[in-house]
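Each remark here refers to the structure printed beneath this line.
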Amino acid sequence: MNRITFYLLFLIFLYLGKAEKAQAQNIHYKHIVNASAGGAGGYGSLNYEGMIPLPHLFSISGSVGISSIRLYDFTAKFNPDLLLPITINGFYGHTHKAHIGFGQLISNIVRANPVNGASDREIKSHTHFVLGYRYQKPEGKLVLGISYTPIIEFHKALRHWGGLTVGYVL
Amino acid sequence: MKNIVFICSLFLLFSCQKEEFEIHNLNGNQISVIGHGGMGIGHTYPMNSLESILNSLNLGAEGIEMDIQMTKDGVLVAYHDSTLQESTNLSGLIHHKTWEELKNARYSYPHYANYKLVRLEDVLKSISNPSQYIYFFDIKGFYPQQDSLFRDQLIQALIEIIDKYNLVEKTFVEFKNEVLISHLYTLRPDIKQFVYNEFDYALKLAIQYGLHGITIPVDKLTQDKVKLAHSHHVMVATFNTHSSKRNIRAVKHNVDYIHTDRLKHLLKILNK
């Protein structure tokens with residue numbers, strides 16, 4: 004859990020620090036909502052992303068998302084699994100951007116207890132990386148992306164994975 | 011305009027009517043709905059995981075089909091594939107490992123889920139009042155050497171668990187191998203067996219040993235074959251029903267048990 008706390012605090016400080024700096028320098032801070040098919044969220048996720056332009060065509064962003072595997076558990080009751088991907092991203096480029104990133108995903112999954120068959124929730128964390136391409140005009144609203152997103156499940160098992168993203172700048 | 015609306019309404023009314031099936035079989039003219047490894051192939055719960063099995067029973071399945079393999083130390087485990095690497099984070103054969111080595115094995119899909127491999131005993135322990143359900147134990151034959159020691163151990167482990175949970179009346183053991191069929195039949199003729207093999211060979215064995223039934227994939231069945239088996243008082247179970255069409259085809263064949271991959275659909279069309 005310490006690892007998760009570290010990433011959360013890192014993201015918050017990054018956001019606060021950069022937002023403050025951006026405001027002082029009158030930099031246009033971007034709020035983006037996007038939907039991913041595949042990607043760090045597993046089958047897909049809905050995400051919020053805060054993006055800060057930096058000098059020399061660089062920009063950075065932090066994103067948090069939400070996803071699920073199932074909404075109804077094995078007892079047929081509404082009891083969703085929750086997946087929360089948290090990612091720190093770096094970009095280089097004007098409209099066509101190279102994209103790298105890394106992050107943690109917190110999973111909260113409903114499982115059957117093998118002793119009595121009752122439903123239990125299990126919280127775990129996992130690491131993911133992002134290597135991809137993003138199309139985003141500096142003043143445009145549309146965001147499109149494709150990425151290779153390897154996942155290290157339970158910080159042990161590497162799984163090759165990828166994703167497509169469509170987003171909108173608010 | 012009124013006529014068009016009337017015709018459309020009639021069309022909608024008739025297209026929404028459910029197909030009624032007239033079942034004639036050896037199972038009291040009813041088809042029992044069995045969850046194939048629980049929720050079946052292609053579901054978000056891996057086949058034979060505890061979650062998949064409990065989910066199918068909670069949704070109304072009348073029983074479950076489980077794939078059974080035995081570990082090196084004689085523990086019965088619910089697992090479908092020949093090797094562990096096909097569906098879990100481990101590699102090798104179940105029979106080459108002890109339960110201690112397997113107990114932390116988890117299914118590879120879906121992502122992040124951590125669904126674990128389970129013992130048959132864990133499944134039965136987790137089901138409240140297990141004797142209310144039907145069980146098909148599909149005994150997998152992935153072992154490189156099936157010597158008499160192995161056969162004794164496997165049959166003994168099966169008998170022990172069936173007796174422990176008082177499931178003789180509710181359990182069907184499925185074998186492909188005649189030696190195992192004969193072995194179990196000799197020791198415990200009261201334990202019901204299904205033969206899972208090519209139709210002609212399976213029917214021959216079922217008649218020869220007076221077994222309860224045969225298990226045949228739906229794409230290898232016809233109504234005539236089912237009728238032939240029934241005429242010899244041999245029941246028919248089928249599987250590979252991973253679409254609605256295949257569920258309906260299995261029902262129209264008048265089989266006795268369907269190990270379905272589309273559980274909700276089958277329950278719906280049979281009004282269960």
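Protein sequence lines, in the order shown, are assigned to chains A and B.
Residues in the first sequence are numbered consecutively from 4, following the numbering used here.
Residues in the second sequence are numbered consecutively from 11, following the numbering used here.
Backbone N, C-alpha and C fix where the C-beta goes; we use that ideal spot for every residue, glycine too.
On a predicted model such as this, the values are computed, not experimentally measured, just so you know.
Review point. Quick one: does residue 4 (chain A) have its CB under 9 Å from some CB of chain B?
Key: Residue numbering aside, residue 4 (chain A) sits at position 1 when the first sequence is read from its first letter. Residue confidence is low: residue 4 (chain A) scores 49 on pLDDT, short of 50, so the model does not pin down where it sits. Its coordinate-derived value is still stated next. The beta carbon of residue 4 (chain A) sits no closer than 9 Å to any beta carbon of chain B.
Check your understanding: Would a C-beta distance cut-off of 9 Å place residue 157 (chain B) and residue 223 (chain B) closer than the cut-off?
Key -> The residue given as residue 157 (chain B) occupies position 147 in the second sequence. The residue given as residue 223 (chain B) occupies position 213 in the second sequence. No.
Check your understanding: Span of the beta strand (DSSP E) holding residue 247 (chain B)?
Key -> Here residue 247 (chain B) refers to the residue found at position 237 of the second sequence. Bounds of the beta strand (DSSP E) holding residue 247 (chain B) are 245 to 251.
Practice item. Give the straight-line distance between the Cα atoms of residue 30 (chain B) and residue 258 (chain B), rounded to the nearest whole angstrom. Key: As a first step, residue 30 (chain B) is located in the second sequence; it is residue number 20 there, counting from the start. As a first step, residue 258 (chain B) is located in the second sequence; it is residue number 248 there, counting from the start. Distance between the alpha carbons of residue 30 (chain B) and residue 258 (chain B) is about 11 Å.
Practice item. Quick one: residues in its chain with C-beta nearer than 8 Å to the C-beta of residue 232 (chain B), no 5 flanking neighbours on either side, listed in chain order? Key: Numbered from 1 along the second sequence, position 222 holds the residue referred to as residue 232 (chain B). Taken in chain order, the residues that qualify are 263.
Exercise for review: Compile a chain-ordered list of the residues in the segment 67 to 81 of chain A whose CB is closer than 7 Å to at least one CB of chain B.
Suggested key: Hits within the stretch, in order: 72, 73, 77, 78 and 79.
**Study point:** Which residues DSSP lists as bridging residue 206 (chain B), in chain order
**Key:** Counting from one through the second sequence, the residue named residue 206 (chain B) turns up at place 196. Its beta-bridge partners are B:225.
Review point. Name the DSSP bridge partner or partners of residue 115 (chain A)?
Key: What you label residue 115 (chain A) is simply residue 112 of the first sequence in a count that begins at 1. Looking at the DSSP output, residue 115 (chain A) shares a beta bridge with A:122.
Check your understanding: Should residue 62 (chain A) be labelled buried (16 or more other beta-carbon atoms within 10 Å of its own) or exposed?
Key -> Counting from 1 along the first sequence, the entry for residue 62 (chain A) is found at position 59. Taking every protein chain shown into account, the CB of residue 62 (chain A) has 16 or more other CB atoms within 10 angstroms, so this residue is buried.
Point to revise | Which of helix, strand or coil DSSP assigns to residue 140 (chain B) | key: The residue you call residue 140 (chain B) lines up with position 130 of the second sequence. In the three-state reduction of the DSSP assignment, residue 140 (chain B) falls in the helix class, which pools H, G and I.
Point to revise | Buried versus exposed call for residue 4 (chain A) [16 or more other C-beta atoms within 10 Å across all chains shown] | key: Here residue 4 (chain A) refers to the residue found at position 1 when the first sequence is read from its first residue. Bear in mind that a pLDDT of 49 at residue 4 (chain A), under 50, signals an unreliable position, so the number given afterwards is only what the model happens to contain. Label assigned to residue 4 (chain A): exposed.
**Study point:** Beta-carbon gap between residue 78 (chain B) and residue 86 (chain B) smaller than 9 Å
**Key:** Locating residue 78 (chain B) in the second sequence gives position 68, where the first residue counts as 1. Locating residue 86 (chain B) in the second sequence gives position 76, where the first residue counts as 1. Contact flag set, yes.
Check your understanding: Got a sec? Which residues, its chain only, sit under 8 Å from residue 161 (chain B) by beta carbon, not counting five neighbours each side?
Key -> Within the second sequence, residue 161 (chain B) is the residue found at index 151, counting from 1. Excluding residues up to 5 positions away in sequence, 189, 190 and 193 lie with their Cβ nearer than 8 Å to the Cβ of residue 161 (chain B) in the same chain.
Check your understanding: Alpha carbon to alpha carbon, what distance is there between residue 111 (chain B) and residue 141 (chain B)?
Key -> Your numbering for residue 141 (chain B) matches position 131 in the second sequence. Your numbering for residue 111 (chain B) matches position 101 in the second sequence. Each residue's Cα considered, the two are about 30 Å apart.
Exercise for review: Compare the C-beta of residue 61 (chain B) against all C-beta atoms of chain A and say whether one is closer than 9 Å.
Suggested key: As a working note, residue 61 (chain B) is residue 51 in the second sequence. At least one chain A Cβ lies under 9 Å of residue 61 (chain B).
Practice item. Spell out whether any CB of chain B is found under 9 Å from the CB atom of residue 115 (chain A). Key: Here the question's residue 115 (chain A) lines up with position 112 in the first sequence. Closer than 9 Å to some Cβ of chain B, the Cβ of residue 115 (chain A) qualifies, so yes.
Review point. Nearest to residue 154 (chain A) by CA position, among A:77, A:33 and A:106, is which residue?
Key: The residue given as residue 154 (chain A) occupies position 151 in the first sequence. The candidate whose alpha carbon is nearest that of residue 154 (chain A) is A:106.
Review point. With a CB to CB cut of under 7 Å and the five nearest residues on each side skipped, what residues in its chain are close to residue 40 (chain A)?
Key: If you number the first sequence from 1, residue 40 (chain A) lands on position 37. Closer than 7 Å at Cβ, skipping near neighbours: 47, 166 and 167.
Practice item. Could you name the residues that DSSP lists as bridge partners for residue 79 (chain B)? Key: Here the question's residue 79 (chain B) lines up with position 69 in the second sequence. According to DSSP, residue 79 (chain B) bridges with B:87.
Review point. Residues in its own chain within less than 6 Å of residue 26 (chain B) by CB, not counting five upstream and five downstream?
Key: By 1-based counting over the second sequence, the position of residue 26 (chain B) is 16. Interpretation of residue 26 (chain B) is limited by its pLDDT of 49, a score under 50 that renders its predicted location unreliable; the figure taken from the coordinates is listed afterwards. None.
Check your understanding: What are the boundary residues of the alpha helix (DSSP H) that residue 161 (chain B) is part of?
Key -> Your numbering for residue 161 (chain B) matches position 151 in the second sequence. Here the alpha helix (DSSP H) through residue 161 (chain B) covers 158 to 174.
Point to revise | Chain-ordered residues of the segment 125 to 146 of chain A with a beta carbon less than 7 Å from chain B | key: Hits within the stretch, in order: 125, 127 and 129.
Check your understanding: Under a three-way DSSP split, which group does residue 4 (chain A) fall into?
Key -> Here residue 4 (chain A) corresponds to residue number 1 of the first sequence, with the count starting at 1. Its pLDDT being 49, under 50, residue 4 (chain A) is placed unreliably by the model, and the measurement read from it follows with that caveat. DSSP places residue 4 (chain A) outside both helix and strand once states are collapsed to three, so it counts as coil.
Exercise for review: May I ask which residues mark the beginning and end of the alpha helix (DSSP H) holding residue 260 (chain B)?
Suggested key: On the second sequence, residue 260 (chain B) is found 250 positions in, with the first residue counted as 1. 254 to 262 is the extent of the alpha helix (DSSP H) around residue 260 (chain B).
**Study point:** Reference residue 64 (chain A), options A:104, A:98, A:148 and A:79, closest by Cα
**Key:** On the first sequence, residue 64 (chain A) is found 61 positions in, with the first residue counted as 1. Residue 64 (chain A) has its Cα closest to that of A:104, out of A:104, A:98, A:148 and A:79.
**Study point:** Limits of the alpha helix (DSSP H) - the one that residue 32 (chain B) falls within
**Key:** Here the question's residue 32 (chain B) lines up with position 22 in the second sequence. For residue 32 (chain B), there is no enclosing alpha helix (DSSP H), as DSSP marks it with neither H nor E.
**Study point:** Backbone CA spacing between residue 55 (chain B) and residue 208 (chain B) [nearest angstrom]
**Key:** Residue numbering aside, residue 55 (chain B) sits at position 45 when the second sequence is read from its first letter. Residue numbering aside, residue 208 (chain B) sits at position 198 when the second sequence is read from its first letter. Each residue's alpha carbon lies about 30 Å from the other.
Review point. Going by the CB atoms, is the gap between residue 125 (chain B) and residue 61 (chain B) shorter than 9 Å?
Key: Looking up residue 61 (chain B) in the second sequence gives position 51. Looking up residue 125 (chain B) in the second sequence gives position 115. For residue 61 (chain B) and residue 125 (chain B), yes; Cβs fall inside 9 Å.
Point to revise | Where residue 89 (chain A) meets chain B, residues with beta-carbon distance less than 8 Å | key: In the first sequence, residue 89 (chain A) corresponds to position 86, counting from 1. Contact note: residue 89 (chain A) does not reach chain B at a C-beta cutoff of 8 Å; the least C-beta distance is about 14 Å.
Exercise for review: Determine, using beta carbons only, whether residue 86 (chain A) comes closer than 9 Å to chain B.
Suggested key: The residue labelled residue 86 (chain A) in the question sits at position 83 within the first sequence. Residue 86 (chain A) counts as touching chain B.
Check your understanding: Distance, Cα to Cα, residue 248 (chain B) vs residue 162 (chain A)?
Key -> Here residue 248 (chain B) is taken as the residue at index 238 of the second sequence, counted from 1. Here residue 162 (chain A) is taken as the residue at index 159 of the first sequence, counted from 1. Cα to Cα, residue 248 (chain B) sits roughly 35 Å from residue 162 (chain A).
Check your understanding: Could you give the residue range of the beta strand (DSSP E) that holds residue 146 (chain A)?
Key -> Within the first sequence, the letter at position 143 stands for residue 146 (chain A). Note, residue 146 (chain A): beta strand (DSSP E), 145 to 151.
Point to revise | Span of the beta strand (DSSP E), counted from its first residue to its last, around residue 78 (chain A) | key: If you number the first sequence from 1, residue 78 (chain A) lands on position 75. Segment: none, residue 78 (chain A) is in no beta strand (DSSP E) and carries neither H nor E.
Point to revise | Contact set between the segment 120 to 151 of chain B and chain A, restricted to residues whose Cβ is under 9 Å from the partner | key: If the cut-off is 9 Å between Cβ atoms, the segment 120 to 151 of chain B has 120, 121, 122, 123, 124, 125, 126, 128, 129, 132, 133, 135, 136, 137 and 138 near chain A.
**Study point:** Contact with chain A by residue 89 (chain B), beta-carbon distance below 9 Å
**Key:** Along the second sequence, read from residue 1 onward, the residue named residue 89 (chain B) stands at position 79. So, not an interface residue.
Check your understanding: Looking at the unbroken alpha helix (DSSP H) that takes in residue 188 (chain B), where does it start and where does it end?
Key -> Along the second sequence, one-based indexing puts residue 188 (chain B) at 178. Where residue 188 (chain B) is concerned, the enclosing alpha helix (DSSP H) starts and stops at 188 to 197.
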